[in-house]
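*Asks:*
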Amino acid sequence: MTDTSASSSPLHAFRAPKGVPDYVPPESAEFVAVRAALLEAARRAGYGHIELPIFEDTALFARGVGESTDVVSKEMYTFADRGDRSVTLRPEGTAGVMRAVIEHGLDRGALPVKLAYSGPFFRYERPQAGRYRQLQQVGVEAIGVDDPALDAEVIAVADAGFRSLGLDGFRLEITSLGDDSCRPQYRELLQEFLFGLDLDDETRRRAQVNPLRVLDDKRPEVREMTAAAPVMLDHLSEAAKSHFETVLAHLDALGVPYTINPRMVRGLDYYTKTTFEFVHDGLGAQSGIGGGGRYDGLMRQLGGQDLSGIGFGLGVDRTLLALRAEGKSAADAARVDVYAVPLGGDAKVALAVLAARLRAAGVRVDVAYGDRSLKAGMKGADRSGASIALVAGDRDLQAGTVGVKSLATGEQVDVAVADVVNDVLSRLG
Ligand code: HAM
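Numbered according to this note's numbering, the sequence shown spans residues 4 to 432.
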């Protein structure tokens, strides 16, 4: 039995789990706005929404993401459910999308299948600024057509999403990780190079299992040793090379700036050919605000048809931090448009009715509850960010009017109750 007495004690102050952010007002409005903007960019390019389970069969991620990745070997939230099945809180979205596409036969319909998603993902990483154990992404996957123009579209959608938020202090890094016809030879070449170095046992083992990952080693002495390592980009097959060049030509035509980073190493194993990352310089060590690429073998590996795919995952938490680093805001700072201040019992009823009518007309309205004084009510109005206050006492209502006050100019006029909704709508434009 687990001892639950500590958690049920009234003296125990609960805190969110380590490394897991809460988003509370006013910041939560920014969070929602960032997520909506990134999803909107995908919607405009014809991506349909997919809603996926938060947990899946552990083997899906082990096989899809790769056993030798940090994500699978060290960072998964894996547990046995009550039926003794091993399940894992999703560490990323691509494997789950593939599973759902195969399960629902979407791969048998019109191609490409274009899907977008958003939500939380879970990685047991060491928490630090911008690195969370529950992270939020907006992602897309385009499955079933191996066309470099589609790679460029996916990248351009991410770029447009970031820019629609006013973000501009980021850069796109891109490379090609080759395909089946050139990767095996390159892998051997890299291993040959790595085995010639004076590496410690652990790193040597990594060179054996996943040599690319050694190029991602952050230790200066390893970096120095691997500076002259061969890179995939210099050893691409003709087909992979031409695919990459066409992607770049499309990005040029679309006006999406990029820098080629031949030493890019992604944390997930499924990538082939086009691979990219969006990096923001205002974020310190956790600078990746998004990443993605092609994964042409993934669907087959998960038991489906041999279809290609490409997609991205954009970090909503980090995009929010990036906006803040640029001193920008994605959300309207105002919580409501109108704030109603009733002074007296009848006024309370009348303003509640007006508030409901205004809300039905699409206006955001809040009301001062709790029998406040005029002064306290107006303070609430200021705090709410509203541009209009409605003020009414029982005497006004006997005269059939409500005071409509512009909070920008301080000017107040009496408006007949029946005209208030139209008056407010015309003031708000
Ligand atoms: P990823 O690069 O592992 O790719 O994650 C995508 C983005 O999620 C990162 O660029 C970063 O902004 C954010 N992110 C990742 N881990 C954390 C964390 N611990 N804390 C905060 N933010 C984080 C994928 O997940 C792939 N599924 C993307 C993809 C889709 N590739 C093809 N299709």
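Note that CB positions come from ideal geometry on N, CA and C, so glycine has one too.
In the DSSP assignment, what are the bridge partners of A83?
*Replies:* For the purposes of this step, residue 83 is taken as the residue at position 80 of the sequence shown. DSSP output for A83 lists S89 as bridge partner(s).
*Asks:* Is it true that the segment 95-105 meets the segment 293-310, where meeting means three or more beta-carbon pairs spaced less than 8 Å apart?
*Replies:* Segments in contact, yes.
*Asks:* Three or more C-beta pairs under 8 Å: does that hold for the segment 165-178 against the segment 54-63?
*Replies:* no
*Asks:* So what's Y189 in DSSP terms, helix, strand or just coil?
*Replies:* For the purposes of this step, residue 189 is taken as the residue at position 186 of the sequence shown. Here Y189 sits in helix by DSSP.
*Asks:* Indicate whether at least one CB of chain C lies closer than 8 Å to the CB of F124.
*Replies:* Among the protein chains of the structure shown there is no chain C, as only one such chain exists.
*Asks:* Excluding the 5 residues flanking G383 on each side, which residues of the same chain have their C-beta closer than 6 Å to its C-beta?
*Replies:* Locating residue 383 in the sequence shown gives position 380, where the first residue counts as 1. The residues are A371.
*Asks:* Indicate the three-state DSSP secondary structure (helix, strand or coil) for K378 in the structure shown.
*Replies:* Stepping through the sequence shown from its first residue, residue 378 is reached at position 375. Residue state, collapsed to three classes: helix.
*Asks:* Under the assumption that G294 contacts G142 (Cβ atoms under 8 Å), give the Cβ distance between them as a whole number of angstroms.
*Replies:* Within the sequence shown, the letter at position 291 stands for residue 294. Within the sequence shown, the letter at position 139 stands for residue 142. The pair is not a contact, with the Cβ atoms about 10 Å apart (cut-off 8 Å).
*Asks:* Who are the Cβ neighbours of V418 in its own chain at under 7 Å, not counting the five residues just before and after it?
*Replies:* If you number the sequence shown from 1, residue 418 lands on position 415. So the qualifying residues of the chain are T404, V405, V407, D426.
*Asks:* Which runs of the beta strand (DSSP E) fall wholly inside the segment 234-296 and span at least 3 residues, in chain order?
*Replies:* Listed in chain order, the complete beta strand (DSSP E) runs (minimum 3 residues) inside the segment 234-296 are 275-283.
*Asks:* Please name the residue in P345, G181, Y274 whose C-alpha comes closest to that of K378.
*Replies:* Your numbering for residue 378 matches position 375 in the sequence shown. When each option's Cα is compared against that of K378, the closest is P345.
*Asks:* Mind checking whether Q308 and D60 have CB atoms under 8 Å apart?
*Replies:* As a first step, residue 308 must be located in the sequence shown, where it is residue number 305. As a first step, residue 60 must be located in the sequence shown, where it is residue number 57. No, the Cβ-Cβ distance between Q308 and D60 is not below 8 Å.
*Asks:* On the CB-based measure, 16 or more other CB atoms within 10 Å of its CB, does T179 come out buried or exposed?
*Replies:* Against the sequence shown, residue 179 aligns to sequence position 176. Looking at the sequence provided, one finds Ser at residue 179 rather than Thr. Its Cβ being crowded by 16 or more others within 10 Å, S179 is buried.
*Asks:* Inspect the CB distances between the segment 353-369 and the segment 383-395 and report whether three or more fall short of 8 Å.
*Replies:* yes
*Asks:* Tell me whether V356 sits in a helix, a strand or coil according to DSSP, three-state version.
*Replies:* Indexing the sequence shown from 1 puts residue 356 at position 353. Helix, per DSSP.
*Asks:* What does the alpha-carbon distance come out to for the pair E329 and F34?
*Replies:* The count along the sequence shown starts at 1 and reaches residue 329 at position 326. The count along the sequence shown starts at 1 and reaches residue 34 at position 31. The straight-line gap from Cα to Cα measures roughly 15 Å.
*Asks:* Between A343 and the rest of its own chain, which residues show a CB-CB distance below 6 Å, the 5 nearest in sequence each way excluded?
*Replies:* Here residue 343 is taken as the residue at index 340 of the sequence shown, counted from 1. Closer than 6 Å at the Cβ level, and outside the excluded window around A343, lie L354, A358, V370, L393.
*Asks:* Less than 7 Å separating the Cβ of F173 from some heavy atom of ligand 1?
*Replies:* Here residue 173 corresponds to residue number 170 of the sequence shown, with the count starting at 1. F173: no, Cβ never under 7 Å from ligand 1.
*Asks:* Can you tell me which of A210, R266, L286, A252 puts its alpha carbon nearest to the alpha carbon of L236?
*Replies:* Locating residue 236 in the sequence shown gives position 233, where the first residue counts as 1. Comparing Cα positions, the closest option is R266.
*Asks:* Which partner residues does K408 have in the DSSP bridge list?
*Replies:* Here residue 408 refers to the residue found at position 405 when the sequence shown is read from its first residue. Note: K408 sits in a beta bridge opposite A392, Q415.
*Asks:* By the three-class DSSP mapping on this structure, what secondary structure does E70 have?
*Replies:* Along the sequence shown, one-based indexing puts residue 70 at 67. In this structure, E70 counts as coil in the three-state DSSP scheme.
*Asks:* For Q139, which residues in the same chain have their Cβ closer than 6 Å to its Cβ, ignoring the five residues on either side in sequence?
*Replies:* In the sequence shown, residue 139 corresponds to position 136, counting from 1. P123, V319, D320.
*Asks:* Distance check for D201 and T5, CA to CA, integer angstroms please.
*Replies:* By one-based count along the sequence shown, residue 5 stands at place 2. By one-based count along the sequence shown, residue 201 stands at place 198. Any answer about T5 is weak, because its pLDDT of 47 lies below 50 and its placement is not dependable; what the coordinates show is given next. Cα-Cα distance, rounded: 49 Å.
*Asks:* Measure the Cβ-Cβ separation of S89 and R38 and say whether it is below 8 Å.
*Replies:* The residue given as residue 89 occupies position 86 in the sequence shown. The residue given as residue 38 occupies position 35 in the sequence shown. No, they are not a contact pair.
*Asks:* Under 7 Å from any heavy atom of ligand 1, does the C-beta of F315 make it?
*Replies:* Walking along the sequence shown from the start, residue 315 turns up at place 312. F315: yes, Cβ under 7 Å from ligand 1.
*Asks:* Out of E414, G51, G270, G380, which one is the CA nearest neighbour of V75?
*Replies:* Reading the sequence shown from its first residue, position 72 is the one you call residue 75. Minimum Cα distance to V75 is reached at G270.
*Asks:* On the three-state DSSP scale, how would you describe S121?
*Replies:* In the sequence shown, the residue the question calls residue 121 occupies position 118. DSSP places S121 in strand when its eight states are reduced to three.
*Asks:* Applying the criterion that 16 or more other CB atoms from any shown protein chain within 10 Å of the CB defines a buried residue, is L14 buried or exposed?
*Replies:* Numbered from 1 along the sequence shown, position 11 holds the residue referred to as residue 14. Classification for L14: exposed.
*Asks:* Excluding the 5 residues preceding and the 5 following G314 in the sequence, name in chain order all residues of the same chain whose CB lies nearer than 7 Å to its CB.
*Replies:* Counting from 1 along the sequence shown, the entry for residue 314 is found at position 311. Taken in chain order, the residues that qualify are T97, G142, V143, E144, A145, V157, G295.
*Asks:* Is I292 buried or exposed, if buried means 16 or more other CB atoms sit within 10 Å of its CB?
*Replies:* Start at 1 with the first residue of the sequence shown, and residue 292 comes out as number 289. Buried, since its Cβ has 16 or more Cβ neighbours within 10 Å.
*Asks:* Quick check: the segment 186-204 against the segment 212-231, are there 3 or more CB pairs under 8 Å?
*Replies:* yes
*Asks:* What did DSSP end up calling F173 once you bin it into helix, strand or coil?
*Replies:* Mapped onto the sequence shown, residue 173 falls at position 170. Strand at F173.
*Asks:* Mind checking whether the beta-carbon of L271 lies closer than 7 Å to any heavy atom of ligand 1?
*Replies:* For the purposes of this step, residue 271 is taken as the residue at position 268 of the sequence shown. Answer for L271: yes, Cβ within range of ligand 1.
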